[in-house]
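Enquirer: Below: one structure in structure tokens.
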Amino acid sequence: MYKIIFLFSFVGVCYSSVGFEKYFKVCNRNDEHVNACMKDAVSNGIKTLVNGIEELDIPTIDPFFQKEYTLEYNVGPVETKVNMKNIYATGIKHATVTSASLKANDDAWEIEIHYKTPTVITTGEYDAEGKFSTIRLFGSGDFNCTMSDVSVTYLLKGVPEKKGDETYIRVESFTVTPELGNMVNYLTNNNKESQTMSDLATKFINDHWRTIYKEFLPIVQQNWNEIGVGFASKVFNEVPYEIAFPIK
């Protein structure tokens with residue numbers, strides 16, 4: 001579920017650099033103050049995108065909606081599959097961009113962004129099945145995942161690539177590194193027969209969330225990279241390098 005929490009702020013990163021000067025700030029890549037410009041561009045981009053932009057067909061990013069997501073984890077005696085749908089995430093509108101940097105030349109392109117937000121709340125519906133050794137669990141209902149003291153680092157890397165008369169950025173990697181101060185999960189369960197086990201599982205998750213989070217993070221990070229690269233590629237395959245990050 002975590003990819004939806006961090007992916008929507010990436011929308012602000014990309015579109016704040018596209019060159020739609022009516023809505024977003026553009027930074028010159030050879031400006032000695034380019035990092036300060038990028039920080040302002042991302043901060044302003046998030047504020048602009050909170051309610052979406054109808055003219056550009058950009059949806060609201062707070063709340064951010066994702067139709068569905070499936071998470072699987074199978075290690076040792078633990079097997080888990082969770083299907084989630086109608087997922088909403090809120091909290092990005094309170095984000096503070098602490099730093100941003102751009103390294104861009106004829107051979108390489110890199111953006112690094114750090115931001116923090118007090119709370120991110122993700123809600124939705126779930127359908128789950130799991131097994132611990134010989135014990136099987138089933139459940140469906142609503143979920144609420146509340147994360148506090150959230151800090152996130154984005155790192156995007158790519159290379160300028162000539163296509164005809166124009167140069168575009170080929171995005172090669174997208175890395176998200178989140179850090180949380182605390183996490184509390186709440187689940188309802190429509191399967192009353194397993195309500196007791198569901199309550200015990202929820203308590204276990206909340207009591208040991210740091211260990212569980214550490215185990216799940218590499219799985220969802222791989223998914224973030226694939227989705228982030230795909231999204232960024234759609235943007236930078238359409239916008240020439242000299243328009244997205246011009247030389248003054």
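Counted the way full-length UniProt numbering counts, the sequence shown spans residues 1 to 248. Idealized CB from N, CA, C, for every residue including glycine. Since we're looking at a predicted model, the values are computed, not measured.
1) Which value, in whole angstroms, describes the spacing of the CA atoms of PHE231 and GLU172?
2) Can you give the Cα-Cα distance for LYS192 and THR202, rounded to whole angstroms?
3) LYS47 to LYS81, Cα distance in whole Å?
4) Kindly indicate which residue of PHE143, PHE236, ASP62 has the alpha-carbon position closest to the one of residue 255.
5) The beta strand (DSSP E) that contains ASN182, what's its start and end?
6) What does a CB cutoff of less than 7 angstroms around VAL34 pick up in its chain, not counting 5 residues either side in sequence?
7) In this structure, does DSSP put ARG170 in helix, strand or coil?
8) Helix, strand or coil: which one does DSSP assign to ARG136?
9) Leaving out five residues before and five after LYS25 in sequence, what residues of the same chain have Cβ atoms less than 8 angstroms from its Cβ?
10) Using only the alpha-carbon positions, how far apart do SER151 and TRP109 sit?
11) Under 6 angstroms Cβ to Cβ from THR177, same chain only, skipping five residues before and after it: list those, please.
12) Suppose only complete runs of 3+ residues qualify. What are the beta strand (DSSP E) ranges in the region 87–147, listed by chain order?
13) Between which residues of its own chain and SER194 is the CB-CB distance below 8 angstroms, once the five residues before and five after are set aside?
14) Is DSSP giving PRO178 helix, strand or coil here?
15) Where does PRO218 fall in DSSP's three states?
16) Identify whether LEU7 lies in helix, strand or coil by the three-state DSSP scheme.
17) Under DSSP, the beta strand (DSSP E) around THR60 begins and ends at which residues?
18) Shortest alpha-carbon distance to THR119 belongs to which of GLU55, ILE87, ALA100, HIS94?
19) Could you spell out where the alpha helix (DSSP H) holding LYS25 opens and where it closes?
20) Which class does GLU68 belong to by DSSP, given the choice of helix, strand or coil?
21) Quick one: what's got a C-beta closer than 6 angstroms to ASN86's C-beta in the same chain, skipping five residues either side?
22) Spatial neighbours of PHE65 within its chain, please: C-beta separation below 6 angstroms, excluding the five flanking residues on both sides.
23) Verify whether the separation of the beta carbon atoms of GLY91 and THR117 is less than 8 angstroms.
24) Near GLU215, which residues of its chain fall below 8 angstroms by C-beta distance, leaving aside the five closest residues on each side in sequence?
25) Which first and last residues belong to the alpha helix (DSSP H) in which ASP199 is found?
26) When the distance is taken between beta carbons, is THR146 closer than 8 angstroms to VAL184?
Expert: Reading from the atomic positions:
1) 12 angstroms
2) 15 angstroms
3) 36 angstroms
4) Residue 255 lies beyond the range of the chain shown here (1 to 248); nothing can be said about it.
5) 182–187
6) CYS27, ASN28, LEU102
7) strand
8) strand
9) SER16, CYS37, ASP40, ALA41, ASN44, GLY45
10) 24 angstroms
11) THR153
12) 96–104, 109–132
13) LEU137, PHE138, GLY139
14) strand
15) helix
16) With a pLDDT of only 42 at LEU7, under 50, the local geometry of the prediction cannot be trusted, and the value read off the model is given with reservation. Helix.
17) THR60 -> no beta strand (DSSP E), and no H or E assigned at all.
18) HIS94
19) It is not in any alpha helix (DSSP H) - LYS25 carries neither H nor E in the DSSP assignment.
20) strand
21) GLY124, GLU125
22) TYR88
23) yes
24) TYR73, VAL75
25) 195–207
26) yes
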